[in-house]
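Residue numbers (the numbering used here): 24 to 458. For glycine and all other residues, C-beta sits at the position ideal for the given N, C-alpha and C.
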Amino acid sequence: MDIVIIGAGPAGRFAAMYAAEKGNNVTLIEEKHIGGKCLNQACMVVCAFSDVSRHLLDAENFMDIGIIDEHVPKINFTKITGTIKETQKKIRKIITLETISTGVEFVQGRASVDDKEKVVIVNDDEYHYDKLLICTGSSPNIPNISGAENALTYKDILKIKEVPEKLVIIGGGSTAAEYAGIFSSMGSEVDILCRTRFLKMINDSESEEYIVSKLLKNTMVHENVEITDITDTSVITNNGEIRGTVLLATGVKANSEIVKDIVELDEKGNIIVNEFMQTSNEDIYAAGDVIGGFLSTPVSRMEGMAAIKNIMGNHVKPDYSLIPMTITLPYDVSYLLGSEVSDIGKTIKLPGASGPSSFWYTLKSRNGYTKETINLETNEINNILAITPSSNIALPYMVKAIKDGKKANDFDNFLEIHPSTDGIFKLTEYYKRYL
Ligand SMILES: Cc1cc2nc3c(=O)[nH]c(=O)nc-3n(C[C@H](O)[C@H](O)[C@H](O)COP(=O)(O)OP(=O)(O)OC[C@H]3O[C@@H](n4cnc5c(N)ncnc54)[C@H](O)[C@@H]3O)c2cc1C
């Protein structure tokens, strides 16, 4: 079968490799860089900066408690951005080889679609498809505020030349929190301006407070703010002017323009798909950020895989029941989204263990915690929020355990490495102590 996939981010690339390995004639088309936003602008950039940020904060803490006596290391910002770019280049080379080694034809250029002729056009060349998979991802959402088009977005982070003295972040989600954590650890004074609540997706005011007071340095969060204007050096709000370099963290919008006249879109511009990832055009499927939803790399991959399997004649639905998410801060803030997350039951708070990355903060009472909502009659775990080092590793295993039918009292013979994330699982077994 001739399959064309547009977009070589997490959704498109894995689908392309899978289909090629199964013997299909697969063309993967990418306008910019293989790896999509995840490698080139988003997840990997946050991850790289966060490592530097945690190093600086740890050094500061070691100095504070007197176990090192030299100055906190100084960063070379342009060296950081330069090395991130160099590393991305290397990863792009590796994953290009990985992709084409499966038999995928990788084409560089901006694609457009002619659905009547069933071809995708790139640089005057035409690629026939029996089935087309759209994985064109998303781009920064620029709010309708005067001057917003001049503000920075996540796409510009690697172009910044020096750490801003003052940074004003507009938005209240993960990206706002992560860049506040990163730039404040490097010396910026940060203001976060939220239209409503900060981190409303974690839906826990105690944790919001913990994050602001214990995990974000030199950061002021302003909630329920109305913004009237953005200038080169400030944001004008209903509470006055806040000065600083302006970074928009106001979400993303789907890159759906190339099929807007061919398939149905929702009112936000996301491609509408059925539960098998098929659009309103039976030969066109879509997956990843371009269909909206959870906007994460693993979810995009899962959707891309479901779409390609359906294209190849299976009936696969992505599983949106329990989706682990993390905000990367000095400790990972990991939480669950999905159709099976619920607040039914008793919520208990388990103290964070002392161990890697938390031992040296124990005397400062900054060990984090895990909250679990457990149905006391059935022992089912209905929700988890963990603010601890490595909770981004522990939470997906908890989800796997829950999906496999494990209950809160089922961790008896579960062996891990100590010290690591073992506190979270083991304390679950003994949760009644904490009621
Ligand atoms: C700041 C930030 C941090 C994030 N951090 C994380 C994280 O830590 N963990 C996580 O799981 N998720 C994170 N995400 C979300 C994650 O990056 C996305 O959910 C994921 O990249 C979506 O994958 P995708 O394949 O759908 O789209 P994308 O990664 O956006 O890739 C789409 C690709 O399609 C290409 N394309 C678009 N139009 C065309 C065209 N006409 N022709 C050819 N090619 C085209 C684009 O160039 C792009 O390469 C983050 C997002 C942001 C903004």
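Roughly how many angstroms lie between the CA atoms of D153 and A199, to the nearest whole one?
Residue 153 sits at position 130 when you count from the first residue of the sequence shown. Residue 199 sits at position 176 when you count from the first residue of the sequence shown. The straight-line gap from Cα to Cα measures roughly 41 Å.
If you reduce the DSSP assignment to three classes, tell me which class T125 lands in.
Residue numbering aside, residue 125 sits at position 102 when the sequence shown is read from its first letter. Here T125 sits in coil by DSSP.
Backbone CA spacing between T50 and I114 [nearest angstrom]:
Residue numbering aside, residue 50 sits at position 27 when the sequence shown is read from its first letter. Residue numbering aside, residue 114 sits at position 91 when the sequence shown is read from its first letter. I114 has its alpha-carbon roughly 21 Å from the corresponding atom of T50.
So which of I225, V282, S443 has the shortest CA-CA distance to S197?
Here residue 197 is taken as the residue at index 174 of the sequence shown, counted from 1. Put simply, of I225, V282, S443 the residue whose alpha carbon is nearest the alpha carbon of S197 is I225.
Given 7 Å as the limit, tell me if D312 has its C-beta closer than that to any heavy atom belonging to ligand 1.
Here residue 312 corresponds to residue number 289 of the sequence shown, with the count starting at 1. Yes, since a heavy atom of ligand 1 falls inside the 7 Å radius drawn around the Cβ of D312.
Would you check whether ligand 1 has a heavy atom nearer than 7 Å to the C-beta of N278?
For the purposes of this step, residue 278 is taken as residue 255 along the sequence shown, with counting starting at 1. Within the cutoff, so yes.
With burial defined as no fewer than 16 other Cβ atoms inside 10 Å of the residue's Cβ, what is the status of S211: buried or exposed?
Sequence index remark: in the sequence shown, residue 211 carries index 188 (1-based). Under this definition S211 is a buried residue.
Of all the CB atoms in chain C, is at least one closer than 8 Å to the CB of G378?
In the structure shown, chain C cannot be found, because there is only a single protein chain.
Contact set for K426: own chain, Cβ-Cβ below 7 Å, skip 5 residues either direction:
Stepping through the sequence shown from its first residue, residue 426 is reached at position 403. Hits under 7 Å: L345.
Compare the Cα-Cα distances from T385 to each of A34, K237, T101 and report the closest residue.
Position 362 of the sequence shown holds residue 385. A check of alpha carbon separations from T385 across A34, K237, T101 identifies K237 as the nearest.
Ligand 1 heavy atom lying under 7 Å from the CB of S159:
Looking up residue 159 in the sequence shown gives position 136. The question names Ser, yet the displayed sequence has Thr at residue 159. Judged by the Cβ position, T159 qualifies as a neighbour of ligand 1 at the 7 Å threshold, a heavy atom of the ligand being closer than this.
CA-CA distance, V356 and V286?
In the sequence shown, counting from the first residue as 1, residue 356 sits at position 333. In the sequence shown, counting from the first residue as 1, residue 286 sits at position 263. Rounded to whole angstroms, the gap between the alpha carbons of V356 and V286 is 37 Å.
Check each candidate in I281, E249, G160, K372 and name the one with the smallest Cα separation from I168.
As a working mapping, residue 168 is identified with position 145 in the sequence shown. The residue with the shortest Cα to Cα distance from I168 is E249.
Coarse secondary structure for T451, derived from DSSP in three states
Taking the first residue of the sequence shown as 1, we reach residue 451 at position 428. DSSP, read as helix, strand or coil, puts T451 in helix.
For the beta strand (DSSP E) containing S161, name the first residue and the last one.
What you label residue 161 is simply residue 138 of the sequence shown in a count that begins at 1. Secondary structure note for S161: its beta strand (DSSP E) is the uninterrupted segment 161-163.
Could you tell me if R158 is buried or exposed, where buried requires 16 or more neighbouring beta carbons within 10 angstroms of its beta carbon?
Within the sequence shown, residue 158 is the residue found at index 135, counting from 1. Checking the sequence, you will find Cys at residue 158 rather than Arg. Buried, by the Cβ-count rule.
Hey, would you say T254 sits closer than 8 Å to G170, going by beta carbons?
Working through the sequence shown from its first residue, we reach residue 254 at position 231. Working through the sequence shown from its first residue, we reach residue 170 at position 147. It is a contact, given that the beta carbons lie within the stated cut-off.
Tell me whether L155 counts as near ligand 1, meaning its Cβ is closer than 7 Å to at least one heavy atom of that ligand.
By 1-based counting over the sequence shown, the position of residue 155 is 132. Incorrect: L155 has no Cβ contact closer than 7 Å to ligand 1.
Cβ atoms of G368 and N405: under 8 Å apart, would you say?
Here residue 405 refers to the residue found at position 382 when the sequence shown is read from its first residue. Here residue 368 refers to the residue found at position 345 when the sequence shown is read from its first residue. N405 places its beta carbon less than 8 Å from that of G368.
For N304 and I410, the rounded distance between their alpha carbons
In the sequence shown, counting from the first residue as 1, residue 410 sits at position 387. In the sequence shown, counting from the first residue as 1, residue 304 sits at position 281. Distance between the alpha carbons of I410 and N304: 43 Å.
Quick one: any contact between the stretch 177-193 and the stretch 265-284, if contact means 3 or more CB pairs under 8 Å?
Judged by Cβ distances under 8 Å, the stretch 177-193 makes contact with the stretch 265-284, as three or more pairs qualify.
So which of I183, Q64, D25 has the shortest CA-CA distance to N99?
Along the sequence shown, read from residue 1 onward, the residue named residue 99 stands at position 76. Here the closest residue by C-alpha is I183.
Span of the beta strand (DSSP E), counted from its first residue to its last, around K394:
Reading the sequence shown from its first residue, position 371 is the one you call residue 394. Run containing K394: 392-397, per the beta strand (DSSP E) assignment.
Pull up the distance between the alpha-carbon of T251 and that of I180, whole angstroms please.
By one-based count along the sequence shown, residue 251 stands at place 228. By one-based count along the sequence shown, residue 180 stands at place 157. Our two residues, T251 and I180, have alpha carbons roughly 24 Å apart in a direct line.
Hey, would you say the C-beta of K52 is under 7 Å away from at least one heavy atom of ligand 1?
For the purposes of this step, residue 52 is taken as residue 29 along the sequence shown, with counting starting at 1. The residue asked about is misnamed: residue 52 is Ile in this sequence, not Lys. Because some heavy atom of ligand 1 lies under 7 Å away, the Cβ of I52 counts as near it: yes.
Can you list, in chain order, the residues of its chain with a C-beta nearer than 7 Å to that of I165? Leave out the 5 residues immediately preceding and following it.
What you label residue 165 is simply residue 142 of the sequence shown in a count that begins at 1. The residues are A171, E172, L271.
I'd like to check one pair, I294 with V313: are the Cβ atoms closer than 8 Å?
On the sequence shown, residue 313 is found 290 positions in, with the first residue counted as 1. On the sequence shown, residue 294 is found 271 positions in, with the first residue counted as 1. In contact: V313 and I294 (Cβ atoms closer than 8 Å).
Buried or exposed, going by whether 16 or more other CB atoms sit within 10 Å of the CB of I88?
Here residue 88 refers to the residue found at position 65 when the sequence shown is read from its first residue. The residue in question, I88, is exposed, as its Cβ has fewer than 16 Cβ neighbours within 10 Å.
Buried/exposed call for K60, threshold 16 Cβ in 10 Å:
Here residue 60 corresponds to residue number 37 of the sequence shown, with the count starting at 1. With a 10 Å radius around the Cβ and a threshold of 16 neighbouring Cβ atoms, K60 comes out buried.
Report yes if the C-beta of Y453 is less than 7 Å from at least one heavy atom of ligand 3; otherwise report no.
Ligand 3 is absent from the structure shown, which contains only ligand 1.
Would you report the Cα separation of A277 and Y343, rounded to the nearest angstrom?
For this step, residue 277 is matched to residue 254 along the sequence shown. For this step, residue 343 is matched to residue 320 along the sequence shown. C-alpha of A277 to C-alpha of Y343: approximately 20 Å in a straight line.
Flag this pair as touching only if the stretch 118-131 and the stretch 37-44 have three or more C-beta atom pairs under 8 Å; answer yes or no.
Using a C-beta cut-off of 8 Å, the stretch 118-131 makes contact with the stretch 37-44, since at least three inter-stretch Cβ pairs fall below that distance.
So, V244 versus I215, is the Cβ gap smaller than 8 Å?
Residue numbering aside, residue 244 sits at position 221 when the sequence shown is read from its first letter. Residue numbering aside, residue 215 sits at position 192 when the sequence shown is read from its first letter. Less than 8 Å separates the beta-carbon of V244 from that of I215.
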